[in-house]
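Scroll down for the structure; my scribbles are underneath it.
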Amino acid sequence: MKNGKFRVLIAEDDRQMSVILSAILKQQDYEVETVFDGAEALRVLKARHPHLLVLDIMLPVVDGFHICQTINEDHSFDPRPKILIVSGRGSDWDQNLGTACGAEDYLVKPFSNQHFVEKVNQILSVRSDRSGGSD
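Count along the sequence shown from 1, then add 27; that gives the number in this note's numbering.
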């Protein structure tokens, strides 16, 4: 599957970070949409069913942990998107809570662009080689 067939929703209230993450993923041929608060993220998740949610924890209106919990408890999110948390909150407690509430992985800001792409590709099971082999 080409990356462009994967839809990614970025829920990040820092506009600069959102632009950066979006540009990185678009460069990898992912289809990307961004939202800036948790309530909007939940609306877009139900409407568009992205394959991956790149989720900040500290969001206005509804925080990232609540979004994770809602996705896992509410069957209207079926198929359930995979979740990659990206947060400045890097304590073990936060990371454990993130994975306990259903995130596939947790990246602590700051992180390298390459590490971010590797995590996204890993979560979506996308080969990182761009050699044009058959999918």
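Where is the CB? At the ideal position from N, CA and C, for every residue including glycine.
Remember, it's a predicted structure, so these values are computed and weren't measured experimentally.
Mind checking whether residue 55 and residue 30 have CB atoms under 7 angstroms apart?
Counting from one through the sequence shown, the residue named residue 55 turns up at place 28. Counting from one through the sequence shown, the residue named residue 30 turns up at place 3. In this structure, residue 55 sits near residue 30, with a CB-CB distance shorter than 7 angstroms.
Confirm, please, whether the CB-CB distance from residue 111 to residue 150 is below 7 angstroms.
Along the sequence shown, one-based indexing puts residue 150 at 123. Along the sequence shown, one-based indexing puts residue 111 at 84. In this structure, residue 111 lies closer than 7 angstroms to residue 150 by Cβ.
Which one or two residues does DSSP pair with residue 126 in a beta bridge?
Stepping through the sequence shown from its first residue, residue 126 is reached at position 99. Note: residue 126 sits in no beta bridge, so no partner.
Residue range of the alpha helix (DSSP H) that includes residue 70
Your numbering for residue 70 matches position 43 in the sequence shown. Its alpha helix (DSSP H) spans residues 65-75.
Within a Cβ cutoff of 8 angstroms, which residues of the same chain sit near residue 87, ignoring the five residues on either side of it in sequence?
The sequence position of residue 87 within the sequence shown is 60, counting from 1. Scanning its chain for C-beta atoms nearer than 8 angstroms, with the 5 sequence neighbours on each side dropped, one finds around residue 87 the residues 40, 63, 64 and 65, in chain order.
Thinking just about the alpha-carbon of each residue, which of 69, 83 and 33 is nearest to the one in residue 42?
For the purposes of this step, residue 42 is identified with residue 15 of the sequence shown, where counting begins at 1. Of 69, 83 and 33, the smallest CA-CA separation from residue 42 is found for 83.
Since residue 100 is in the alpha helix (DSSP H), which residue starts that stretch and which ends it?
Taking the first residue of the sequence shown as 1, we reach residue 100 at position 73. Looking at the DSSP string, the run of the alpha helix (DSSP H) that includes residue 100 is 91-100.
Look up residue 150 in the DSSP assignment and say whether it is helix, strand or coil.
Start at 1 with the first residue of the sequence shown, and residue 150 comes out as number 123. The answer is helix: DSSP assigns residue 150 an H, G or I state.
Tell me which residues share the same chain as residue 79 and place their Cβ nearer than 7 angstroms to its Cβ, disregarding the 5 neighbours each side in the sequence.
Along the sequence shown, read from residue 1 onward, the residue named residue 79 stands at position 52. Excluding sequence neighbours, residue 79 sits near 33, 35, 108, 109, 111, 147, 150 and 151.
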